[in-house]
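*Asks:* Those letters in the sequence shown? Residues 15 to 1150, per my numbering, in order. The beta-carbon is built from N, C-alpha and C at its ideal position, and this holds for glycine as well. In this text, all values refer to a predicted model and were calculated from it rather than measured experimentally.
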Amino acid sequence: MNHRLFWRFLQISFFVLIVSSTAFGQINHDLTVKLDPDSHQIEVVDKITLPSDSSETAQLHFTIHQGLKPEILDKDIILRQTSGAEASQFFSDNPSLQQGNIRMELFEIKLPPGSSQITLKYSGEIYHPVREYGEEYARSFSVSPGIIFPEGIFLSGSTFWYPHFVDELVTFNLDVELPAGWSSVSQGTRKNYEIGVDSRHDVWVADTPQEEIYLISSEFTEYSQAAGVVEAMAFLRNPDSPLAQKYLDTTAQYLEMYRKLLGPYPYSKFALVENFWETGYGMPSFTLLGPRVIRFPFILHSSYPHEILHNWWGNGVYTDYEKGNWAEGLTTYLADHLIKEQRGAAVEYRRSVLQKYTNYVTANKDKDFPLTKFRSRHSAVTEAVGYGKTMMLFHMVRQQLGDQAFVKALHRFYRKYKFKVASFDDVETVFDNVTDESLGPLFEQWVKRTGSPSLRVHQAVAKPKGDGYVLSAIIEQTQEAGSYRLKLPIAVHMEGVANAFQTSIDVNAKQYNLELNFPMRPLQLDIDPEFDVFRTLDHNESPPALSQVFGAEQVLVVLPSSASESVRLGYQKLAKGWQKGRAVNMEIKLDNELDELPTDRAVWLFGWENRFRSLFDNALSDYDYAKKESGVSIEDTEMKRDKHSVVIMGRHPSNSAHALAWLATDNVSAMPGLGRKLPHYNKYSYLGFTGDEPTNVFKGQWPVVNSPMSIAISQEDGEEVGPITAKLTPRSALAQLPPVFSEARMLKDIEYLASDELAGRGLGTEGLDKAADYIARQFSDAGLQACGDGPDDYFQVWTEKVAMPDRDVVTVKNVIGIIPGKNPEFDGQSVVIGAHYDSHGLGWPDCLAGNEGKIHPGADDNASGISVLLEFARLAGKKWQPERTIVFVAFSAEEAGKLGSLHYIRKAEKYPISKTMAMVNIDTVGQLGNDALTIFGNYSAREWVHIFRGAGYVTGVPIKQSALDTGNGDEKSFIDAGVPAVHLFSGARDNYHRPTDTVDRIDTAGLVKTAAVLKETVEYLAARLEPLASTLTAAKEGSAPQKKQSHKKRRVVLGTVPSYDFTGKGVRLDGVTTDSPADKVGLQEGDIIVRIGETVIEDLETFSDVLKSLQAGNEITIAYMRGGTEHIVSTKVVER
């Protein structure tokens, strides 16, 4: 949110009432300020330099905060107070002024001819406590027009703490004196600061035109680092270097991305500033975020980039608010939407934007308004129009121009209007100049017109014609208002064609007769399948969502009459809280007061025991939902009545245009929190919460079913057609965020480790020793401290008895480096990050038949894991100061029975296993592709599932968590020793433990994704104050495994690739290897193996045990499920 929106338009409105001859110009303020937080006092001397043309003006007017008593320090200049008025009378649109009851005073200055400088001195109290402001539900927020007090100082344009002239842009020098221990933040560059015994002086200079002057102050801890030519800064109210480092790194990423996309960043710094109340403000060259907000992990890649981008749009190019605020929509498009685009979720994001407009605005048409009337967001309606519709405007412009021309126009617009005021008309003019096609009609209908089109498609028929087919259909605009000029995307799916045919058609009338020729039979017609056009959605185009009930004009809340008194009263209090915050008709009744549910409004059903519950359950028949004895099940996730608070959306069974929502909890303490939080989950179809706060643990959207914009095409010849398999062509994001991690460096690591020179890194070989030396050098270069056998030694060396073909004793070495923790309370504690660096050499151990004597490069298993370990060390080693020590271990001899991790556990002294908080193992992560990153071992602590859910959200990396214990990696050694541990894994592939595990198969983009997840996970573990809630029974003291783990090896191959995130009965297949026994009998992806012979396959463990019991040549029968039907095949397993 751009804070200027709270006052800029209102200032303009106010000055319309003032007769003044001041012309628009640029004013310079040279301010010397002294602040006393304890007494709320400010003292200022302001030397004002007026625009050059003001010397011809006999008199000027300015406004200033009431009670500051300005005095003129210049001779021959006359100052006179002319009037004062309560600002809230005039500034009704400004929440800060409206709630603060701030008063201003109006002064007149008479200047002698030729004079252009004024010196004012003033002082007084500024103290407007933070108050709530908001229109509906929980969409309120806290505001203050200005405050000076011991918690902090917030002064802005809306404070009127310095003289305001008409319509001026300002430059300024700001010399601030503060109490000792305090520091300040303002726009521009900090030129100097001096720290004295009793005070501190900061000097800020803004020599580029600004719309207002900010002065923020508190007892900050300051952090900074270079981000190219820009200084990235963080001002926190309490020391927190890990948090600051996250923001500094993220700032550098987004500044570089936007520099390439838009042009040079307009300021010398960008600072994160922690406020003393919850805000989300974007100011020129800094953002002011609340203490809770900045600690939400998702903020880094959602709201924070939005505020960074405001320095180009809104704080770099200024908005002409009288003609409509375009900056919020453009910022939303190039921040929020672009991030979703980068993560492959842009279609869903645009759908949610249109759904919000449909639910909040279409249902309240009298509240709709044209974009020329948008000033700032203060309700769901103003957000849906001002942010959502404007965002879609820029998306439609991009679709019409193409990416290259769109980016060119963005560059031109920024260059032309940098530090100037621009309107929608100016946007149109610049964008119009990059295309031969006039954009006037597009801007005219979307900027100046209220409303949106609604679409309908019908009578889609395919007729044979010559060697092909002709498709005809009717597309209608069904809104009551006149027609829109639409460039409407369509997609046609054809028989036997992998990719759908996609084009755009010009629909300029209420009815459009579509006719297209195709070489193959058209099967399905999709209208605007990727939600590229701003329009009202049909209710079946989007999943049932909370916005449908929160945006409804009429709502009935039905309470359960049979619930206990405390629960019923809790529900009633929750509903009445919503009732007070709404301007629409909300009625509350008990279920025994109704014979049936009304069909003309949205309905909330409250309570597990609501008598209309069965009606609701039946309304969800299209979705993966089931009523259980203990609660409910959604998509294989069970939410239990004794543990969860549940919210689920459906459609009214008698009128699908209205929502039917169900909220159920027996936890009365959770109800107030649900009342506050639910309006912020507007796009979701189902939610699960735990605890009194309550905490969200489960959320999602139902799939879209029966969309009227996607229709089957009738075949005139009566031919029966098969299923639709065609896909839409993927789109590229407008820009890509520069990765924190380097694909090139990680690939270089893998190329060396998997090279012929190292000959497969077999145990006891020269190649493995070279790998160890390489890893130690990289640790040293990254800044890790050595933590081996000696004080400056990275190696932990010992001998092991092994049953190798050429020896029975081998020297083994782990490579260990650390980043020491800084918190003395965590002395001896550690988080271990591990990856094994040995492989199979020339085929030992576990060599498949026919591969003896061949180099097994081990690129994926596990040079990939080592590369991620090293890259994270490079990022963190020289600048990270974690709370507890981070131990980086490259384990040896994993393939021989996890010998390296077992030895580490036995011999850990400085950071003993008893004080090891957690272990993260990186093993076989090099072939991720488009798959989700698999996490094994999350059963070992209750927090893992939440940690990785958060990591997935922050990074945008899809993650699937498996509770299965495969026992295949070094994490198992730690789990057996009682340490919560997980394994990051990219998936089983057909080159596992084979000579074909080569560098050319490595997916470097997947390595970056894995490293990003690792970073989020380890940063959380390092900073967490309390230990994880382990589910392991083994005590850490004295429980470490003392012998190498002897696991029975499989001697045969079936050729199945199992799915590790399947939680049902049996083993679901992700695929089969080519020419394997499984492939030859027709097993395929999606099949679920339920029996082998007479043995029932419960899960992966029983499946693995059966395979380990077999010998090459054994014939087996396999029972599997496909499409709900059981099939049985027979085959012979072959030698590994």
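Please work out which residues of its chain come closer than 6 Å, Cβ to Cβ, to residue 283, disregarding the five sequence neighbours upstream and downstream, and give them in chain order.
*Replies:* Same-chain partners within the cutoff: 245, 247, 299.
*Asks:* Are the beta-carbon atoms belonging to residue 952 and residue 998 less than 9 Å from one another?
*Replies:* Not closer than 9 Å, so no.
*Asks:* Rounded to whole angstroms, what's the CA-CA distance from residue 575 to residue 604? Just pull it up for me.
*Replies:* Cα to Cα, residue 575 sits roughly 6 Å from residue 604.
*Asks:* Roughly how many angstroms separate the alpha carbons of residue 867 and residue 354, rounded to a whole number?
*Replies:* So the two alpha carbons sit approximately 49 Å from each other.
*Asks:* Quick check: the Cα distance between residue 667 and residue 674, rounded to an integer number of angstroms?
*Replies:* Those two C-alpha atoms are separated by around 8 Å.
*Asks:* So the alpha helix (DSSP H) residue 234 belongs to, where does it begin and stop?
*Replies:* Here residue 234 belongs to no alpha helix (DSSP H), and DSSP marks it neither H nor E.
*Asks:* Which word fits residue 594, buried or exposed, when buried means at least 16 other C-beta atoms lie within 10 angstroms of its C-beta?
*Replies:* By the neighbour-count rule (16 or more Cβ atoms within 10 Å), residue 594 is not buried but exposed.
*Asks:* By the 10 Å Cβ neighbour count, where 16 or more other Cβ atoms means buried, how is residue 53 classified, buried or exposed?
*Replies:* When all chains shown are included, residue 53 counts as exposed.
*Asks:* How many Å lie between residue 101 and residue 156 at the Cα?
*Replies:* Any reading at residue 101 must be qualified, since the residue scores a pLDDT of 40, below 50, and its modelled position is unreliable; the value itself is stated next. Cα-Cα distance, rounded: 19 Å.
*Asks:* Excluding the five sequence neighbours on either side, which residues of its own chain have a C-beta within less than 7 Å of the C-beta of residue 1133, listed in chain order?
*Replies:* Contacts found: 1104, 1105, 1140, 1142.
*Asks:* Taking its Cβ as the centre, do 16 or more other Cβ atoms sit within 10 Å of residue 888, making it buried, or is it exposed?
*Replies:* Buried, since its Cβ has 16 or more Cβ neighbours within 10 Å.
*Asks:* What separation, rounded to the nearest whole angstrom, lies between the Cα atoms of residue 790 and residue 829?
*Replies:* Distance between the alpha carbons of residue 790 and residue 829: 6 Å.
*Asks:* Would you call the region 484 to 491 and the region 462 to 475 in contact, with 3 or more CB pairs under 8 Å?
*Replies:* The region 484 to 491 vs the region 462 to 475: in contact.
*Asks:* Roughly how many angstroms separate the alpha carbons of residue 288 and residue 230, rounded to a whole number?
*Replies:* Looking at the two C-alpha atoms, the distance is approximately 10 Å.
*Asks:* Looking at the strands, I want to know which residues DSSP matches up with residue 609.
*Replies:* For residue 609, which the question treats as bridged, DSSP gives no partner whatsoever.
*Asks:* In chain order, what are the residue ranges of uninterrupted beta strand (DSSP E) at least 3 long that sit wholly in the region 886 to 964?
*Replies:* Segments of the beta strand (DSSP E) lying fully in the region 886 to 964: 899 to 905, 930 to 936, 947 to 950.
*Asks:* Just verifying my parser: in three-state terms, what is the DSSP assignment at residue 531?
*Replies:* Note: residue 531 maps to strand in three-state DSSP.
*Asks:* Sorry if obvious, but does the Cβ on residue 40 come closer than 8 Å to a heavy atom of the ligand GTP?
*Replies:* Among the components modelled here there is no ligand, and therefore nothing to report on the ligand GTP.
*Asks:* Report yes or no: do the region 677 to 684 and the region 616 to 627 share at least 3 C-beta pairs separated by less than 8 Å?
*Replies:* Contact between the region 677 to 684 and the region 616 to 627 is present, because at least three Cβ pairs lie under 8 Å.
*Asks:* Please check the pair residue 120 and residue 75, which I expect to be a contact at CB under 8 Å, by giving their CB distance rounded to whole angstroms.
*Replies:* About 6 Å; that satisfies the 8 Å criterion.
*Asks:* Using the Cα positions of residue 1060 and residue 987, report the straight-line distance between them to the nearest angstrom.
*Replies:* The pLDDT assigned to residue 1060 is 46, lower than 50, so where the model puts this residue is not dependable, and the model offers no usable value.
*Asks:* Could you say if the region 718 to 738 and the region 545 to 561 meet the contact criterion of at least three C-beta pairs nearer than 8 Å?
*Replies:* With the cut-off at 8 Å, the region 718 to 738 and the region 545 to 561 touch.
*Asks:* Looking only at C-alpha atoms, which of 410, 329, 774 sits nearest to residue 854?
*Replies:* Cα-wise, what sits closest to residue 854 is 774.
*Asks:* Does the beta-carbon distance from residue 73 to residue 123 come in below 9 Å?
*Replies:* Yes.
*Asks:* What three-state label does DSSP hand residue 441 in the structure shown?
*Replies:* Helix at residue 441.
*Asks:* So what does DSSP say about residue 302, is it helix, strand or coil?
*Replies:* Three-state DSSP puts residue 302 in a strand.
*Asks:* Roughly how far, in whole angstroms, is the beta-carbon of residue 402 from the beta-carbon of residue 367, given that I think they are within contact range, below 8 Å?
*Replies:* Confirmed, about 4 Å.
*Asks:* Since I believe residue 1086 is in contact with residue 1071 (beta carbons under 8 Å), could you give me their beta-carbon distance rounded to a whole number of angstroms?
*Replies:* Rounded, the Cβ-Cβ distance is 6 Å, consistent with contact.
*Asks:* Would residue 1092 and residue 1069 be called neighbours here (beta carbons separated by less than 9 Å)?
*Replies:* Yes, these two residues count as a Cβ contact at 9 Å.
*Asks:* Could you check which residue in 882, 200, 869 has the C-alpha nearest to that of residue 758?
*Replies:* The shortest Cα separation from residue 758 among 882, 200, 869 belongs to 882.
*Asks:* If we count Cβ pairs, one from each stretch, closer than 8 Å, do we get three or more for the region 705 to 715 versus the region 225 to 239?
*Replies:* In short, these stretches do not touch, since the Cβ pair count stays below three.
*Asks:* Could you work out which residue in 584, 306, 63, 1009 is closest to residue 863 when comparing CA atoms only?
*Replies:* Nearest option by C-alpha distance: 1009.
*Asks:* Buried or exposed, going by whether 16 or more other CB atoms sit within 10 Å of the CB of residue 459?
*Replies:* So residue 459 counts as buried.
*Asks:* For residue 363, name the three-state secondary structure that DSSP assigns.
*Replies:* If DSSP states are grouped into helix, strand and coil, residue 363 belongs with the helices.
*Asks:* Looking only at its own chain, which residues have a Cβ that is under 6 Å from the Cβ of residue 526, when we skip the five neighbours before and after it?
*Replies:* So the qualifying residues of the chain are 489.
*Asks:* Quick check on residue 458: does DSSP put it in helix, strand or coil?
*Replies:* Helix at residue 458.
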